[in-house]
Amino acid sequence: MKKQKTDNSRSSKAPSHGPASLVDEIRPGQSIELLKELHILTRDGKLNQDSRRKLKQVYHLYQFIEKLLLELSDKPGSTPGVTLADHGAGKSYLGFILYDLFFKAQAKGHIYGIETRPELVQKSQALARQLGFDRMSFLNLTVADSAQSDQLPARIDIVTALHACDTATDDAMAFGLQKQAHFMVLVPCCQAEVARVLSQHKALSLSRTPLSELWRHPLHTRELGSQITNVLRCLYLEACGYQVTVTELVGWEHSMKNELIIARHTGHKKVASAQRLRALLDEFGLTDLLHTRFTALPDNSSQAPERQSDPGAEAPM
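Numbering (the working numbering), first residue to last: 11 to 327.
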């Protein structure tokens with residue numbers, strides 16, 4: 011009888027619309043309806059192995075961003091609430107989970123989902139209305155166009171871009187710099203622009219430097235191009251006044267595109283990072299990117315002589 015009482019007690023804690031195992035998987039107060047709409051839960055409220063793995067990945071990412079949200083919420087003068095722009099939002103998994111787990115309990119703050127596919131924007135708008143998530147907006151814009159749109163505020167606190175393909179990550183960074191974002195959270199994907207440039211100048215590079223052997227074969231060109239792209243992005247953010255941390259989002263067994271870049275604005279523009287960025291662009295024949303991707307680089311037109319004598323110095327804010 012005692013064992014039966016214990017089992018009944020555990021069963022009473024489980025959601026009426028799902029199995030008891032959900033008690034240990036889903037956070038208190040989390041919307042079961044939302045998880046069903048995002049297909050993390052099945053329609054009858056069950057959690058299979060694939061959706062359990064997906065949920066753990068979502069929680070893993072949320073843990074990174076939650077710390078940033080809490081830090082901004084606790085800052086003096088944060089009366090309007092935290093603003094977050096999610097670029098390349100897709101079905102807005104991230105935005106909805108962030109709202110459900112954090113913004114919903116707040117009396118302020120706003121999430122903006124930026125997506126180019128109108129059908130996904132319409133679905134997200136409908137789901138937000140259905141759930142009563144009234145401080146979510148979904149805009150049918152490119153990442154680049156969103157920087158000039160009057161549908162967004164002049165200042166955005168956090169910019170996210172998860173698996174924003176190729177140069178969309180660079181556009182999100184440009185957006186973050188223009189909006190003076192406190193934080194940027196980026197998971198780059200399909201970094202093809204640098205690989206294309208490396209391929210175009212391959213013959214010249216092979217005659218100029220033995221380093222070109224690193225990208226002589228097409229497969230290596232793609233892999234090295236991806237690596238160089240993210241290294242240049244990190245240097246650029248440091249040169250523009252951000253502290254950068256690079257880590258894994260999920261294990262390699264889940265995705266090969268799992269590099270997570272978190273940038274925190276400090277206002278200290280690192281001269282050494284700007285110098286190294288320029289040196290890498292020159293070494294790999296990518297200097298044209300100075301006028302397309304790295305336009306906010308301090309002293310972009312020329313490099314002051316005094317910087318060479320003190321490469322570790324900080325530029326004035």
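Note that CB positions come from ideal geometry on N, CA and C, so glycine has one too.
As the structure is a prediction and not an experimental result, all values here were calculated from the model.
Check                                                                                                                                                : Outcome
According to the neighbour-count rule (16 or more other Cβ atoms, all chains shown, within 10 Å of its Cβ), is G39 buried or exposed?                : exposed
Determine the burial state of S217: buried for a count of at least 16 other Cβ atoms within 10 Å of its Cβ, exposed for fewer.                       : exposed
Suppose contacts are defined by Cβ-Cβ distances below 7 angstroms. Is I271 in contact with V256 by that definition?                                  : yes
Taking 7 angstroms as the threshold (C-beta atoms), are I124 and L149 in contact?                                                                    : yes
Just verifying my parser: in three-state terms, what is the DSSP assignment at L307?                                                                 : coil
Is the Cβ-Cβ distance between L196 and A171 less than 7 angstroms?                                                                                   : yes
Scan the stretch 24 to 105 and note each continuous beta strand (DSSP E) run of 3 residues or more that stays entirely inside, going in chain order. : 93 to 97
Who are the Cβ neighbours of W262 in its own chain at under 6 angstroms, not counting the five residues just before and after it?                    : Because the pLDDT of W262 is 43, which lies under 50, any placement of that residue in the model is unreliable, and the number read from its coordinates should be weighed accordingly. Counting only Cβ-Cβ distances below 6 angstroms, and skipping sequence neighbours, we find nothing.
Contact check, A174 vs V153 under 8 angstroms by CB: the rounded distance?                                                                           : 7 angstroms
If the criterion is Cβ atoms closer than 7 angstroms, does the pair R226 and Q190 meet it?                                                           : no
Is A178 helix, strand or coil when you go by DSSP?                                                                                                   : helix
Going by C-alpha distance, which of L108, V92, M194 is nearest R243?                                                                                 : M194
Mind checking whether the beta-carbon of S209 lies closer than 6 angstroms to any heavy atom of the ligand GTP?                                      : Only the bare structure without any ligand can be found here, which leaves the ligand GTP out of the picture.
Using only the alpha-carbon positions, how far apart do L79 and A115 sit?                                                                            : 13 angstroms
Which partner residues does L296 have in the DSSP bridge list?                                                                                       : Note: L296 sits in no beta bridge, so no partner.
Of the choices E223, A184, M183, A178, whose alpha-carbon is the least far from that of A202?                                                        : A178
Rounding to the nearest angstrom, what Cα-Cα distance links R232 and I121 in this structure?                                                         : 34 angstroms
Can you tell me which residues form a DSSP beta bridge with T170?                                                                                    : D96, V195
Does the distance from the C-beta atom of D167 to that of V92 stay below 7 angstroms?                                                                : yes
Pick helix, strand or coil for H211, following the three-state DSSP scheme.                                                                          : coil
Classify Q237 as helix, strand or coil using the three-state DSSP reduction.                                                                         : helix
How would you write the range of the alpha helix (DSSP H) that R274 sits in, first residue to last?                                                  : Counting along the chain, R274 falls outside any alpha helix (DSSP H), though it belongs to the beta strand (DSSP E) covering 269 to 275.
Taking only three categories from DSSP, how would you classify S265?                                                                                 : Residue placement at S265 cannot be trusted, given a pLDDT of 48 that sits under 50; what the coordinates show is reported in the next sentence. Reduced to three states, the DSSP call for S265 is coil.
Could you check how far apart the C-beta atoms of I75 and L65 are, in whole angstroms? I think they sit under 8 angstroms.                           : In fact, because the Cβ distance is near 16 angstroms, the residues do not count as touching under 8 angstroms.
Could you name the residues that DSSP lists as bridge partners for K189?                                                                             : Answer is none; K189 lacks a bridge partner.
Could you give the distance in angstroms between the alpha-carbon of Y72 and the alpha-carbon of L162?                                               : 23 angstroms
Check this for me: beta carbons of F106 and L44, under 7 angstroms apart or not?                                                                     : yes
Give the secondary structure of L242 by DSSP, where H, G and I count as helix, E and B as strand, and everything else as coil.                       : helix
Is it right to say R328 is buried, meaning 16 or more other beta carbons lie within 10 angstroms of its own, or is it exposed?                       : Within the shown structure, residues of the chain are numbered from 11 to 327, placing residue 328 beyond reach of any answer.
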